[in-house]
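Novice: Below is a structure I'd like to ask you about.
Residue numbers (the working numbering), protein chains in the order written: chain E, 393 to 731; chain F, 393 to 731.
Right under this line is the structure:
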């Protein structure tokens, strides 16, 4: 028998709750609808009920170590207040930690959802054993998380890692944050769908038009299906995704010189369609990438001062835990915080 | 009598050498021409001769603690090799540390010049006592340095902090690094001069045209003089400088959430002319800036969990050490490295 934690991932449309043991084994999992239209009180009440339900099912699984909750948006982690959540308009200056703790009667650990995706990929995914890494998560919105020296880099108020709102085109597409030309406006599922609709409206994309008419729930996933079938318009949309990501990653590589950058979230499933454009931009735009973009040849890694061999290659790779990364990261929080 | 260090700052056109004691007092200073046209062997030979000269003048000043040297460009700090230096075309894969140590017969500590500007401002300048900060240096080129947890953040191969080559306009002005639309192509002294020449060539800027004709050594400083005299074209150039800086700083604030960002280098003397545009962009483009852009009102800084009061304001400010920041930072290196 081992101890376990509860991890919660509040996404743009779904709420997922899991009990995960210290080795990373999934014991229980629940998924609820959590559309922002439900309003914050209802979402939090449903979440707390589901957490209690999952705990009750784990009665024989060992001791509950703690509850980690991933919340999207700009959160002040010291006060537990969500300042702004681009995809949840009523989560403005919302003291969400107090709202949860009041309902559950116990303390919980909050974290930005994308920071948890970074933590999950570091614990069990693409970045196992990598102490310095960043993740960019492509979902309904675009988030990000930064791990430096093995720990989440929170910054001054816990708001670091907002790579989704880096400007890609100063006068570009309108983003839900109110600004123009953010990465999120080119690389989120929402953006993929918008670009598909724009292509249909232009009248120049007959296959995309046919596909949207045939499917009332046409999604970014369907644009990807068309792309892998060879539809040039759909492929062009993912080239735009990759280009925007490549521009932002170039800046990150130049600024931080990390050994690994992971692309996660649902849209990362379209990796094959957008990743070539990422590498094209990186080679063009990042002098640091160019200087670190090859396996070290014999001797190059060796130091004049006799330090041990080092990693000297910049790796850009897709996440391996898919949309579960944040859930695993959330469950990892209590053992890191020693709560 | 106190110990002292030698600091060296190799800029785009000048080479400065100083002896500085542990309290930050300047004991000796030399400035040499070091135009890239001289070639790397000549520059390094002159540097070593001058270092020996300065040391000989400090014979009575105490013990020499070490020699710190700031070098521009992409440096592998482990091997002491400059991979690429945008403003020195013959510094490609140049083992500069070995070249210096062979001439001096003693070990030296290399560092990227902009990282040293960060260290200098942290030691004696705008960021005294601030453990997490970034600097963007506006000189012949645009450099940057990052201090996290009180130490220079080097990244994997010592190349972190290259903010000057962050893309601002994906299809924008050609940068000397070969890419388009880099910050350096809008915010360096070189860029200010280029924009002034473009304005003159367009025929729409009579005052700028007159000023360039009247002065064979017309410089970015002269553009600034016109701007403070109210010339609308010159003012427009500095608005473009500020806009580009604001776009890049917005991304940095969103990504890193640091308490302080310092703008240094020669062009930072034009702070009054470009800084309003920085803040305009930050308010528009950075949700993290918007959430941290006011003095905390009573109680807001307090935590539900009883932590002490915290800094919660993002400060963007100009450097106070001017072009000497890197020189002081270089002299600070030996005491940090315990060499």
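We put the beta carbon where it would ideally sit given N, CA and C, even for glycine. These numbers were taken from a predicted model, which means no experiment stands behind them.
Against residue 353 of chain E, what residues of chain F qualify as contacts under a CB-to-CB distance less than 7 Å, listed in chain order?
Specialist: Residue 353 of chain E falls outside the range modelled here, since chain E spans only 393 to 731, and no answer is possible.
Novice: Any idea what DSSP makes of residue 415 of chain F, helix, strand or coil?
Specialist: Coil.
Novice: Which of the three DSSP states is assigned to residue 574 of chain F in this structure?
Specialist: Reduced to three states, the DSSP call for residue 574 of chain F is strand.
Novice: I need the boundaries of the alpha helix (DSSP H) containing residue 568 of chain F, first residue and last residue.
Specialist: Careful: residue 568 of chain F lies outside any alpha helix (DSSP H) and carries neither H nor E.
Novice: Please confirm whether residue 630 of chain F and residue 665 of chain F have their CB atoms less than 8 Å apart.
Specialist: Yes.
Novice: Mapping the DSSP letters down to three states, classify residue 397 of chain F as helix, strand or coil.
Specialist: Three-state DSSP puts residue 397 of chain F in a strand.
Novice: In or out: residue 651 of chain E buried (at least 16 other Cβ within 10 Å) or exposed?
Specialist: Classification for residue 651 of chain E: buried.
Novice: Start and end of the beta strand (DSSP E) containing residue 535 of chain F?
Specialist: Element bounds for residue 535 of chain F: 534-540.
Novice: Using only alpha-carbon positions, find the residue among F:550, F:545 and F:491 that is nearest to residue 679 of chain E.
Specialist: Of F:550, F:545 and F:491, the residue nearest in Cα terms is F:550.
Novice: What does the alpha-carbon distance come out to for the pair residue 696 of chain E and residue 471 of chain F?
Specialist: Here the model assigns residue 696 of chain E a pLDDT of 45, short of 50, so the residue's position is not dependable, and the following value carries that caveat. For residue 696 of chain E and residue 471 of chain F, the distance between alpha carbons rounds to 6 Å.
Novice: Using 8 Å for Cβ pairs, my map puts residue 552 of chain E next to residue 648 of chain F. What's the rounded Cβ distance?
Specialist: Contact flag correct, Cβ pair sits at about 5 Å.
Novice: Could you tell me the distance, in whole angstroms, from the CA atom of residue 398 of chain E to the CA atom of residue 443 of chain E?
Specialist: The straight-line gap from Cα to Cα measures roughly 8 Å.
Novice: Less than 8 Å between the CB atoms is what I'm expecting for residue 415 of chain F and residue 437 of chain F, so what's the real figure, rounded?
Specialist: Not really, about 32 Å apart at Cβ, beyond 8 Å.
Novice: Between the C-alpha atoms of residue 698 of chain F and residue 612 of chain E, what's the straight-line distance to the nearest angstrom?
Specialist: Unreliable positioning characterises residue 698 of chain F in this predicted model, as indicated by a pLDDT of 46, which lies under 50. The coordinate reading is nonetheless provided below. Answer to the nearest angstrom: the Cα atoms are 45 Å apart.
Novice: Please name the residue, chosen from F:708, F:661, F:492 and F:725, that lies closest to residue 675 of chain F on a Cα-to-Cα basis.
Specialist: Of the candidates F:708, F:661, F:492 and F:725, the one whose C-alpha sits nearest the C-alpha of residue 675 of chain F is F:708.
Novice: Assuming residue 526 of chain E is part of the alpha helix (DSSP H), what are its boundary residues?
Specialist: No alpha helix (DSSP H) holds residue 526 of chain E; the beta strand (DSSP E) holding it covers 525-530.
Novice: Thinking just about the alpha-carbon of each residue, which of F:465, F:419 and F:615 is nearest to the one in residue 448 of chain F?
Specialist: Nearest C-alpha to residue 448 of chain F: F:419.
Novice: For chain E, check one thing: does any of its Cβ atoms lie closer than 8 Å to the Cβ of residue 569 of chain F?
Specialist: Cβ-Cβ to chain E under 8 Å: yes for residue 569 of chain F.
Novice: What does DSSP give as the partner residue(s) for residue 704 of chain E in the beta ladder?
Specialist: None, per the DSSP bridge assignment.
Novice: Note down the Cα distance separating residue 575 of chain E from residue 640 of chain E, rounded to an integer number of angstroms.
Specialist: One C-alpha to the other measures close to 7 Å.
Novice: Rounded to the nearest angstrom, what separates residue 409 of chain F and residue 496 of chain F at their Cα positions?
Specialist: Approximately 14 Å between the Cα atoms of the pair.
Novice: Give the secondary structure of residue 457 of chain E by DSSP, where H, G and I count as helix, E and B as strand, and everything else as coil.
Specialist: Residue state, collapsed to three classes: strand.
Novice: Just grab the DSSP bridge partners of residue 463 of chain F for me.
Specialist: DSSP lists F:504 as partners of residue 463 of chain F.
Novice: Could you work out which residues of chain F lie near residue 421 of chain E, taking near to mean beta carbons separated by less than 8 Å?
Specialist: The premise fails here: residue 421 of chain E is roughly 30 Å from chain F at the closest Cβ pair, so nothing lies under 8 Å.
Novice: Could you check whether residue 515 of chain F and residue 643 of chain F sit closer than 8 Å to each other, using their CB atoms as the reference points?
Specialist: No; because the gap between Cβ atoms is not below 8 Å, this pair is not in contact.
Novice: Does the beta carbon of residue 726 of chain F sit closer than 8 Å to a beta carbon anywhere in chain E?
Specialist: Judged by the 8 Å Cβ criterion, residue 726 of chain F is not in contact with chain E.
Novice: Please state if the CB of residue 683 of chain E and the CB of residue 636 of chain E are separated by a distance shorter than 8 Å.
Specialist: Not in contact: residue 636 of chain E and residue 683 of chain E (Cβ atoms no closer than 8 Å).
Novice: Do residue 670 of chain F and residue 530 of chain F have their C-beta atoms closer together than 8 Å?
Specialist: Not in contact: residue 670 of chain F and residue 530 of chain F (Cβ atoms no closer than 8 Å).
Novice: Of the residues that make up the region 672-685 of chain E, which ones have a beta carbon closer than 9 Å to any beta carbon in chain F?
Specialist: Those residues of the region 672-685 of chain E that come within reach of chain F (Cβ to Cβ, closer than 9 Å) are 673, 676, 677, 678, 679, 680, 682, 683 and 684.
Novice: Can you give me, in chain order, the residues of the region 539-552 of chain E that have a beta carbon less than 9 Å from any beta carbon in chain F?
Specialist: Answer set for the region 539-552 of chain E: 540, 541, 545, 546, 547, 548, 549, 550, 551 and 552.
Novice: So, with DSSP's three-state summary, where would you put residue 425 of chain F?
Specialist: Reduced to three states, the DSSP call for residue 425 of chain F is strand.
Novice: Going by DSSP, name the residue or residues bridged to residue 616 of chain F.
Specialist: Answer is none; residue 616 of chain F lacks a bridge partner.
Novice: The beta strand (DSSP E) with residue 472 of chain F in it runs from where to where?
Specialist: No beta strand (DSSP E) contains residue 472 of chain F, which DSSP labels as neither H nor E.
Novice: Alpha carbons only, please: which of F:645, F:587, F:667 and F:723 is nearest the one belonging to residue 625 of chain F?
Specialist: Among F:645, F:587, F:667 and F:723, the Cα nearest to that of residue 625 of chain F belongs to F:587.
Novice: Take the Cβ of residue 726 of chain E as the centre, count every other Cβ of all protein chains shown within 10 Å, and call the residue buried at 16 or more, exposed below.
Specialist: Burial call: buried.
Novice: Excluding sequence positions up to five away, which residues of its chain have a Cβ less than 6 Å from the Cβ of residue 435 of chain E?
Specialist: Excluding residues within five positions, the ones whose Cβ falls inside 6 Å are 426.
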